[in-house]
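Since the structure comes first, as structure tokens, the remarks are kept for the end.
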Amino acid sequence: MDVNAVSQIVFLSLRIAALATAGCVIPAVGLAWLLARRRFPGRTLLDALVHAPLVLPPVVVGYCLLGLFGSRTWLGEWLIRTLGVHLPFTTGGAVMAAAVMALPLMVRSIRLGLEGIDRGLETAARTLGASPLDTFLTITLPLMLPGIVAGAVLAFAASLGEFGATITFAANIPDETRTLTLAIYTALQSPDGEASAKVLVMISIGLAIGTLLLAEVSNRVTKNWLRAR
Amino acid sequence: MIELKFSVSQGDFSLEVAAVLPKAGVTGVFGRSGAGKSTLINALAGISTTARGRIKVGDEVFLDSERGWQLPIERRRVGYVFQDARLFPHMRIESNLRYGARRRSGGESSDLWQGVIEVLDLQPLLRRWPGSLSGGERQRVAIGRALLSQPQILLMDEPLASLDAPRKTEILYYIERLREAYPVPLLYVTHSLDELVRIADHLLLLSDGKVMACGPFLDLVGDTALQPYLGRFEAGSVLECMLEQHDETFGLSVLSFSGGELRVPKLDAPCGTRLRARLRGRDVAIALKDPPELSITNRVQGEVLALSYRDGPYVDVLIGAGSSKLHALITRESCARLNIRVGLSVIALIKAVALDSRTVGYSRRAR
């Protein structure tokens, strides 16, 4: 396996993980806020739905995504017709699979942060003339930031390691959906792939350590930013 | 005028309020814990949304549940100082102070900004973060932040409760300065009569979710009928005094009031300052003749106006001296022994050390 091929795999993995993480942030903030702060009918159902990927086998999640976005389902057809987006067996599909798997991790982390915020601060902002939306943007959201950053790092790490849902929903297509984990699996399937697998595993470990360091640094930065100096 | 006519039910507790407060000066909202003080101002601020009835401040209707009307918190223009300050931890003090100011329709007023910063000594804190402030400093910032939002009324919910005694004195001093400089109507919630003695013009007395009395502070605080709600050991009288002179040799100050003079530990205020001295009934003793060879220097000649028998062995003796009224809490036994009765001429004895800066509010403006 030459350097070019390896770097292509690494780059694709990072790109998919980054896109999945970025795509998760806004829905995760919204869901965390809904689940932590609002009481509405169907809340328990929504909670279960968001957290399902944590407890379901990833292959099952991938299968469900196929059932939802497959080209012969109405949602899949609608996506192709109106947006020209084809998800199954594409990079977009790999991003989607990673995002769905990472979402519950991010929601949990953000929700934990949100529940730790003193709601009295929001009340204080209201008495000072801030509308509910203004209060959310200037008080709640900034105070949620450590939770959001921690959740994003966690989601990024999980997306890098995603396997089951990706291979089911996006398949294992070189340069399209073959991420590091899929490449390791592919290498192990071929009789002379032992050496390639070793290289890819080493890179995986390196990336994992890198992500851990990133988590540590970002945690410190946001905590310092929030805490009084 | 602040018209309150509403009720709030929360589980076992219910608050029933019907009162009209002046939209000026300092109104003390007083009662024991659980009396409904915080519930009352939370309903006024719009924080508790379960209030039913009518709340009107000036011409503005805050609440009219018959018509299903409720003005949102942010449009009531109430400056709320919470017990726990509630400074925004992710903003420097300056941003905290400007938060409310920026959100008022008229925009920021630089005169007000300068004035508030000066009155509350906030300049050295502006660049700091809330977490690095002491409790007293935090509360000062919270008061400044509320005031800078240009409220039509200020609400303070036990702003001194989480502070130690020196801090309490310090913040009270700032509140006194502030009410001289910015006459925003203030509703001050507390369970400490000492705090109210220093600042209150009016009193709203709450007990078990009901309004027991509402009116001018000095009238109510000496009202024997209300003594049970003020607490037996809190019971006493408040005298309006004038600081006459300082006695440097002995470290005393001399106060005059209608009916006599009081010597108290030296106060840090100029002569001519008007102030209030609070005399707890238990700190006042009664003699029939001027006793010789006694350490007590404060002796006030007066006449017994009334005797009220309290639970247990106590009698509250009301003594009139000039236009002032003093309460003395003595035992029934003493009362019987001296044959104290209405109309008797007596001398009230008050220890100078019973009067200190906690019971004497002294930074009211000099006449």
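The listed protein sequences correspond, in order, to chains A and B. My numbering applies: residue 1 is where the first sequence begins, and numbers increase by one. My numbering applies: residue 1 is where the second sequence begins, and numbers increase by one. The beta-carbon is built from N, C-alpha and C at its ideal position, and this holds for glycine as well.
Asked                                                                                                                                                                                 : Found
Could you give the residue range of the alpha helix (DSSP H) that holds ARG252 of chain A?                                                                                            : Any question about residue 252 of chain A goes unanswered here, given that chain A covers just 1 to 229.
Relative to the alpha-carbon of SER162 of chain B, which residue among B:VAL81, B:SER334 and B:ASP223 has its alpha-carbon at the smallest distance?                                  : B:VAL81
Output needed in chain order: residues of the region 117–134 of chain A with a Cβ under 9 Å from some Cβ in chain B.                                                                  : ASP118, GLY120, LEU121, THR123, ALA124, ALA125, ARG126, THR127, LEU128, GLY129, ALA130, SER131, PRO132 and ASP134
Taking beta-carbon pairs under 7 Å, can you tell me which members of the region 37–53 of chain B lie near chain A?                                                                    : ALA45 and ILE47
Checking contacts by CB at 9 Å: is TRP225 of chain A closer than that to chain B?                                                                                                     : yes
Hey, out of B:ARG263, B:LYS289 and B:SER149, whose CA is closest to ALA277 of chain B's CA?                                                                                           : B:ARG263
Determine the contact status of VAL107 of chain A and SER218 of chain A, defining contact as a CB-CB distance below 9 Å.                                                              : no
With a threshold of 16 other CB atoms inside 10 Å of the CB of VAL221 of chain A, please say whether the residue is buried or exposed.                                                : exposed
Compare the C-beta of GLY144 of chain B against all C-beta atoms of chain A and say whether one is closer than 9 Å.                                                                   : no
Compare the C-alpha of SER14 of chain B against each of B:ALA45, B:ARG52 and B:VAL29 and name the closest.                                                                            : B:ARG52
Give the DSSP bridge partners of VAL238 of chain B, in chain order.                                                                                                                   : B:ARG278
At a Cβ cut of 9 Å, what residues of the region 142–153 of chain A count as close to chain B, listed as they run along the chain?                                                     : PRO142, LEU143 and LEU145
For ASP157 of chain B and VAL197 of chain B, which I take to be in contact (beta-carbon distance under 8 Å), what is that distance rounded to the nearest angstrom?                   : The pair is not a contact, with the Cβ atoms about 19 Å apart (cut-off 8 Å).
Per DSSP, which residues does PHE82 of chain B bridge with? Please list them.                                                                                                         : BP columns for PHE82 of chain B are empty, so no partner.
Can you check whether the CB of ILE73 of chain B is closer than 9 Å to the CB of ILE47 of chain B?                                                                                    : yes
Quick check: is the beta carbon of PRO89 of chain B nearer than 9 Å to any beta carbon in chain A?                                                                                    : yes
Hey, is the region 202–215 of chain A in contact with the region 97–115 of chain A, meaning 3+ C-beta pairs nearer than 8 Å?                                                          : no
Got a sec: which bits of the region 170–194 of chain B sit with their beta carbon under 7 Å from any beta carbon on chain A, in order along the chain?                                : none
Can you give, in chain order, each stretch of the beta strand (DSSP E) that sits fully within the region 184–213 of chain B and has at least 3 residues?                              : 186–190 and 202–207
Which same chain residues end up closer than 7 Å to LEU214 of chain A when comparing Cβ atoms and leaving out the 5 residues on each side of it in sequence?                          : VAL153
Measuring only between beta-carbons, confirm whether GLY79 of chain B sits less than 9 Å from chain A.                                                                                : yes
Is the CB of ILE139 of chain A under 9 Å away from at least one CB in chain B?                                                                                                        : yes
Could you give the DSSP three-state label for VAL353 of chain B: helix, strand or coil?                                                                                               : helix
Within its chain, find whatever has a CB closer than 6 Å to the CB of PRO130 of chain B; leave out the 5 residues flanking it on each side and keep chain order.                      : LEU87 and PRO89
For GLN70 of chain B, which of helix, strand or coil comes out of DSSP?                                                                                                               : strand
Between which two residues does the beta strand (DSSP E) containing ASN339 of chain B stretch?                                                                                        : Unbroken run through ASN339 of chain B: none, as it is neither H nor E.
By how many angstroms is the C-alpha of ALA155 of chain A removed from the C-alpha of ARG15 of chain A?                                                                               : 13 Å
Roughly how many angstroms separate the alpha carbons of GLY312 of chain B and ALA336 of chain B, rounded to a whole number?                                                          : 15 Å
Is it buried or exposed for TYR229 of chain B, if we count other Cβ within 10 angstroms and need 16 for buried?                                                                       : buried
So for PHE88 of chain B, helix, strand or coil by DSSP?                                                                                                                               : coil
Determine the direct distance from the alpha carbon of LEU279 of chain B to that of ASP356 of chain B, and round the result to whole angstroms.                                       : 10 Å
Excluding the 5 residues preceding and the 5 following ALA125 of chain A in the sequence, name in chain order all residues of the same chain whose CB lies nearer than 8 Å to its CB. : ASP134, THR135, THR138 and ILE139
When you compare only the Cα positions, how much space is there between LEU87 of chain A and SER13 of chain A?                                                                        : 17 Å
So LEU122 of chain B and ARG140 of chain B are in contact, right, with Cβ under 8 Å, and what is the actual spacing, rounded?                                                         : 7 Å
How is GLY36 of chain B classed by DSSP in three states: helix, strand or coil?                                                                                                       : coil
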